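S.K.: After the structure tokens below, expect a handful of questions from me.
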Amino acid sequence: MFQFLFNNKVSQYQNTVQEINKLDIKYSKYSNNDLHKQTEWLKKQLSEKTIDEIIPECFAIIKEAIKRATNLILFDVQIIGAIILHEGKIAEMKTGEGKTLVAIIAAYLNSLFNQGVHIITVNEYLAKRDANLARQVFKYLNITIGIIEQNMNLIQRKQQYQADITYLTNSELGFDYLRDNMAINKKELVQRNFFFAIVDEIDSILIDEARTPLIISGPSDNITNKYIKAKEIANNLELNQDYEIDEKSKNIILSEQGINKCEKILNINNLYDIKNPWVKYIINALKAKNLFLINKDYIIKNNEIVIVDEFTGRIMEGRRWSDGLHQAIEAKENQKIQQENKTLASITYQNLFLLYTKLSGMTGTAKTEEAEFDKIYNLQVIEIPTNKKNNRKDLADLIYKTEYNKWQAIANECFDMYQIGRPTLVGTTSIEKSEFLASILNKLNIPYNLLNAKPENISRESEIISQAGRKFTITIATNMAGRGTDIILGGNPYIISKIELTNYIQSIIMQKYIYMNNEINQILKTLDANFINNHLKINNNNLNDIIDELLNTRNIQNTERQIIGDVYIQLVNYYNNFCELEKQEIIKLGGLYVIGTERHESRRIDNQLRGRSGRQGDPGSSRFFLSLQDNLIKTFGGNQISKLMENLNIDEDIPIESMILNKSLNSAQKKVEAYFYDVRKQLFEYDDVINNQRQAIYTERKRILKSIYTRDCILEYAESTIEEILNKYDRTSDTTNKSQLLDQIYIILNLQNTNSKNRLVSMQSNNLKIFFIEQLRITYDLRETYLEQLKPGLMRQLEKYYLLQQIDYAWQEHLEKMLLLKESIGWRSYGQQDPLTEYKNEAFNLFINMVTYIRQTVIYLIMRSRLITSLDS
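When we follow the UniProt record's numbering, the leftmost residue of the sequence shown carries the number 1, and every step to the right adds one.
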């Protein structure tokens with residue numbers, strides 16, 4: 001039963017939920033074999049009914065499969081969430097409401113179309129975890145599960161994409177899409193058409209990451225010593241004299257004095273000279289010096305600069321900042337400067353996800369970005385009530401005068417919570433700040449767990465989060481978005497048992513002289529005998545999967561498997577009771593206490609942190625500790641608050657707690673959100689121009705790639721080329737120009753007989769067109785006959801090779817031109833022109849020029865290929 005009334009948007013689904021619950025009784029009586037056959041039966045039903053008509057039967061079937069696989073009975077709110085996902089909307093569900101199972105239900109319904117469903121997560125750990133759970137459920141329903149991992153090859157990726165439901169990360173999806181559109185053989189294509197996607201943490205992917213496009217790049221010819229020189233110049237420039245920092249846009253603006261100083265050092269006349277551009281190197285060096293900080297924006301790992309995701313606190317292996325910024329940071333940190341890259345293919349997440357026929361998503365925090373989801377993605381946000389009432393108390397912010405006082409207050413608060421045993425989660429915005437707090441706690445002799453982007457901490461993530469709800473536990477974490485593991489009061493008995501057993505077995509394996517069997521028997525003896533017969537109802541296959549994962553091998557003997565299984569069950573039983581008792585004690589203390597150390601750019605990120613407390617009706621509280629030196633307050637309205645504190649003559653150790661100040665901070669966050677929304681909207685509008693061109697090029701490329709007979713495509717290109725040149729021919733009256741245009745056709749088509757050119761000038765363009773097309777076909781037939789004698793199929797191979805080669809080359813050059821155009825088009829506003837309109841016009845002309853270039857170059861190369869000699873030999 002629901003704890004409170006649904007809102008109007010959700011209440012419409014109640015009848016469907018009741019019908020599903022009635023059918024659940026019917027399917028609970030089915031054998032595993034009978035349940036297995038229901039998927040084929042549902043697919044047959046689709047030939048007679050619509051997808052919406054079979055929802056009750058389908059959801060009742062999957063509900064029963066989930067119950068058998070996990071011993072969990074779905075909440076009604078989870079079923080409603082799945083219906084909302086199926087409808088192509090965003091389900092806003094709070095932390096701990098079981099979003100993983102919600103995605104499984106909606107994915108099952110849409111997998112019946114046999115077109116592939118993608119469940120997209122923010123990191124590979126979550127993708128693996130969710131895919132493993134899905135496999136346990138879908139083995140009852142004859143549905144295949146795939147997962148895309150970073151180290152997979154083409155064949156493996158193709159197999160995984162062919163599954164009914166595929167789990168993957170947003171970056172793997174995007175890079176596979178770009179690689180597919182750079183493939184030179186159709187066997188290299190791995191993806192199917194984009195049908196239906198469920199995006200987990202949709203706000204993190206479609207909002208936070210929307211500012212950064214996905215780019216596949218290749219090495220360019222740029223010289224790296226310019227970065228060293230630019231770093232030296234940047235170190236000689238003074239802030240607020242030679243340059244200014246725009247905090248909002250994270251940009252550097254050189255003053256006239258700064259420009260003159262740079263030109264003097266470099267001994268050049270123009271810093272902005274296109275033929276020798278120094279300005280981008282200096283701007284990047286200044287950005288690296290002032291805006292990108294170690295242990296906040298990046299870390300150094302294995303002598304490489306590795307980006308830290310500002311929203312999730314995770315490191316982004318293999319990702320690099322573009323346009324020379326990464327090289328500037330390498331120069332700053334005295335690391336080896338890698339060669340600069342040029343863009344080979346790119347796409348924004350906005351346009352990538354709009355390729356799906358149907359898109360949906362889920363998150364705990366989407367309402368604050370509701371307008372953006374609607375305008376850009378045409379996605380409606382539906383807020384789903386929690387299964388149990390939310391009992392978390394969000395306390396008013398405390399604002400201190402200095403950052404030092406703030407951190408002292410946070411440390412003292414942690415000390416107080418540790419003394420009473422109340423679990424506390426402290427959210428920080430950077431690695432540096434998390435380690436600073438850790439150093440203060442060390443001085444106070446307070447034990448803590450530290451979770452940030454450093455490799456030694458990431459490896460313990462699941463363990464740290466699973467135990468963050470235990471008594472006397474202080475957890476420091478950088479950004480809690482997309483962590484994917486609930487903080488359960490008293491601890492998670494399953495994960496704790498798994499960690500305990502894993503650690504023990506690993507220690508046994510390390511001691512090679514001890515027999516594993518004897519040691520495991522010793523574990524059994526040390527366990528309380530009362531727990532030996534209290535086995536949990538765990539399916540044998542699930543148990544085997546757990547053991548396989550624990551030992552990372554399938555060569556273990558069955559007897560040993562059974563023994564380890566028994567130990568695991570006993571451990572879970574033990575910790576189940578232990579954790580439940582501890583949970584009751586923590587509830588009396590007030591539940592999990594969440595401390596925020598800084599307001600983020602978006603209220604949504606703050607809400608994600610708060611949402612870790614108050615899971616499934618548990619009590620909890622949250623509070624933010626702030627200072628006037630925090631970035632958000634400093635950038636937006638810090639002076640007013642500072643003046644207020646000065647006028648009130650408040651001591652530095654005493655914080656202000658005021659609803660007026662909270663409103664000011666909320667207002668500041670709204671300003672930041674509005675600013676970044678404008679940034680993303682502008683990015684989307686500009687990328688939408690190139691996206692239309694991208695789709696045209698990629699569609700043409702895929703048509704050629706999949707085509708067996710490319711001769712028609714070549715002839716079509718040649719005829720279009722003839723027509724384009726003859727259109728220019730018609731528009732000129734000058735005899736010399738006419739003759740030159742005819743020469744151009746002769747050169748492109750490699751026609752040898754030029755004696756008749758004088759007679760052609762006097763002919764009508766229609767007759768000229770017929771003449772040249774006839775000459776084209778004769779010449780082409782002769783060339784094809786010759787090549788086919790050398791090697792059957794050689795002409796088709798050459799055609800496809802030249803077509804793909806020239807499309808790729810021209811597109812890469814086009815991307816560079818479009819980037820330069822985008823960077824410079826803003827200046828048109830000074831001439832009372834709309835930059836976006838001008839960008840569209842210029843981009844259209846560039847695209848037409850590119851298409852013309854591709855056609856003419858392909859024909860030119862085909863008609864006089866120099867590969868013939870080498871192929872002949």
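Note that CB positions come from ideal geometry on N, CA and C, so glycine has one too.
Quick caveat, the model's predicted, so the values are computed rather than measured.
DSSP state of PRO277, grouped into three classes?
M.R.: If DSSP states are grouped into helix, strand and coil, PRO277 belongs with coil.
S.K.: With a cut-off of 8 Å, do at least 3 Cβ pairs link the region 50 to 58 to the region 66 to 80?
M.R.: Cβ pair count under 8 Å is below three, so no.
S.K.: Taking all protein chains shown into account, do 16 or more other C-beta atoms lie within 10 angstroms of the C-beta of PHE844, making it buried, or fewer, making it exposed?
M.R.: Classification for PHE844: exposed.
S.K.: Using only the alpha-carbon positions, how far apart do ASN21 and ALA60 sit?
M.R.: ASN21 and ALA60: Cα-Cα distance of roughly 7 Å.
S.K.: For GLY596 and LEU661, I'd like the C-alpha separation in whole angstroms.
M.R.: Roughly 16 Å between the two C-alpha positions.
S.K.: Helix, strand or coil: how does DSSP classify ARG777 here?
M.R.: Helix, per DSSP.
S.K.: Using only CA atoms, which one of LEU592, ASP606, ASP781, LEU451 lies nearest to GLY617?
M.R.: Among LEU592, ASP606, ASP781, LEU451, the Cα nearest to that of GLY617 belongs to LEU592.
S.K.: Out of ASN15, ASN181, TYR177, GLN191, state which residue places its alpha-carbon closest to the alpha-carbon of GLN159.
M.R.: The option with the nearest alpha carbon to GLN159 is GLN191.
S.K.: From what residue to what residue does the beta strand (DSSP E) around GLU685 run?
M.R.: Taken as a continuous stretch (DSSP letters only), GLU685 belongs to no beta strand (DSSP E), being part of the alpha helix (DSSP H) at 659 to 706.
S.K.: Tell me the rounded alpha-carbon separation between THR368 and GLY565.
M.R.: Taking the straight line from one Cα to the other gives about 46 Å.
S.K.: Could you name the residues of the same chain whose beta carbon sits closer than 6 Å to that of VAL17, not counting the 5 residues immediately before and after it, in chain order?
M.R.: So the qualifying residues of the chain are ASP76, ILE79.
S.K.: Excluding the five sequence neighbours on either side, which residues of its own chain have a C-beta within less than 7 Å of the C-beta of GLY490, listed in chain order?
M.R.: Same-chain partners within the cutoff: GLY469, ARG470, CYS579, GLU580, GLU582, LYS583, ILE586.
S.K.: As a quick exercise: from GLU463, ASP678, GLU784, pick the residue whose alpha carbon is nearest that of LEU501.
M.R.: Taking only the C-alpha atoms, the option nearest LEU501 is GLU463.
S.K.: Would you tell me roughly how many angstroms separate the C-alpha atoms of ASN442 and ASN276, rounded to the nearest one?
M.R.: Distance between the alpha carbons of ASN442 and ASN276 is about 53 Å.
S.K.: Do LYS800 and THR710 come within 8 Å of each other at the CB atom, strictly closer than that value?
M.R.: Against a cut-off of 8 Å, the Cβ pair of LYS800 and THR710 comes out as a contact.
S.K.: With H, G and I counted as helix, E and B as strand and the rest as coil, what does DSSP make of THR857?
M.R.: If DSSP states are grouped into helix, strand and coil, THR857 belongs with the helices.
S.K.: Starting from VAL426, trace the beta strand (DSSP E) both ways and give me its first and last residue.
M.R.: Start and end: 424 to 428.
S.K.: Nearest-angstrom Cα distance between ILE145 and TYR125?
M.R.: Approximately 16 Å between the Cα atoms of the pair.
S.K.: Excluding the 5 residues preceding and the 5 following LYS433 in the sequence, name in chain order all residues of the same chain whose CB lies nearer than 7 Å to its CB.
M.R.: So the qualifying residues of the chain are THR597.
S.K.: Which of the three DSSP states, helix, strand or coil, is assigned to VAL77?
M.R.: The answer is helix: DSSP assigns VAL77 an H, G or I state.
S.K.: Which residue's Cα is closest to the Cα of ASN123: LEU379, GLY98, GLU209, ALA69?
M.R.: When each option's Cα is compared against that of ASN123, the closest is GLU209.
S.K.: Name the residue from TYR780, SER430, GLN682 whose alpha carbon lies nearest to the alpha carbon of ILE294.
M.R.: The candidate whose alpha carbon is nearest that of ILE294 is SER430.
S.K.: Take the Cβ of ASN607 as the centre, count every other Cβ of all protein chains shown within 10 Å, and call the residue buried at 16 or more, exposed below.
M.R.: With 16 or more other Cβ atoms within 10 Å, it is buried.
S.K.: Starting from MET362, follow its DSSP beta bridges and name the residues at the other end.
M.R.: Its beta-bridge partners are ALA91, ASP200.
S.K.: Look at LEU214 and LEU168 and say whether their C-beta atoms are less than 8 Å apart.
M.R.: Against a cut-off of 8 Å, the Cβ pair of LEU168 and LEU214 comes out as no contact.
S.K.: Please report how far the alpha carbon of LYS287 lies from the alpha carbon of GLU238, in whole angstroms.
M.R.: Distance between the alpha carbons of LYS287 and GLU238: 13 Å.
S.K.: So, LEU726 versus LEU749, is the Cβ gap smaller than 8 Å?
M.R.: Not in contact: LEU726 and LEU749 (Cβ atoms no closer than 8 Å).
S.K.: Tell me the start and end of each unbroken beta strand (DSSP E) in the region 393 to 439 that is at least 3 residues and wholly inside, in chain order.
M.R.: Correct list: 398 to 400, 424 to 428.
S.K.: Could you give the first and the last residue of the continuous beta strand (DSSP E) run that contains PRO619?
M.R.: Looking at the DSSP string, the run of the beta strand (DSSP E) that includes PRO619 is 619 to 627.
S.K.: Answer with buried or exposed for SER622, where buried requires no fewer than 16 other C-beta atoms within 10 angstroms of its C-beta.
M.R.: Result: buried.
S.K.: List the endpoints of the continuous alpha helix (DSSP H) containing LEU804.
M.R.: 794 to 824 is the span of the alpha helix (DSSP H), which, as asked, contains LEU804.
S.K.: Near TYR108, which residues of its chain fall below 6 Å by C-beta distance, leaving aside the five closest residues on each side in sequence?
M.R.: ILE62, listed in sequence order.
S.K.: Using a threshold of 8 Å, state whether the C-beta atoms of GLY620 and ARG392 are closer than that.
M.R.: Result yes, Cβ atoms of GLY620 and ARG392 sit closer than 8 Å.
S.K.: Excluding the 5 residues preceding and the 5 following ASN303 in the sequence, name in chain order all residues of the same chain whose CB lies nearer than 8 Å to its CB.
M.R.: Excluding positions up to five away in sequence, the list reads GLN335, LYS336.
S.K.: Where does ILE347 fall in DSSP's three states?
M.R.: In this structure, ILE347 counts as strand in the three-state DSSP scheme.
S.K.: Given a cut-off of 8 Å on the beta-carbon distance, is the pair ASN405 and GLU652 in contact?
M.R.: For ASN405 and GLU652, yes; Cβs fall inside 8 Å.
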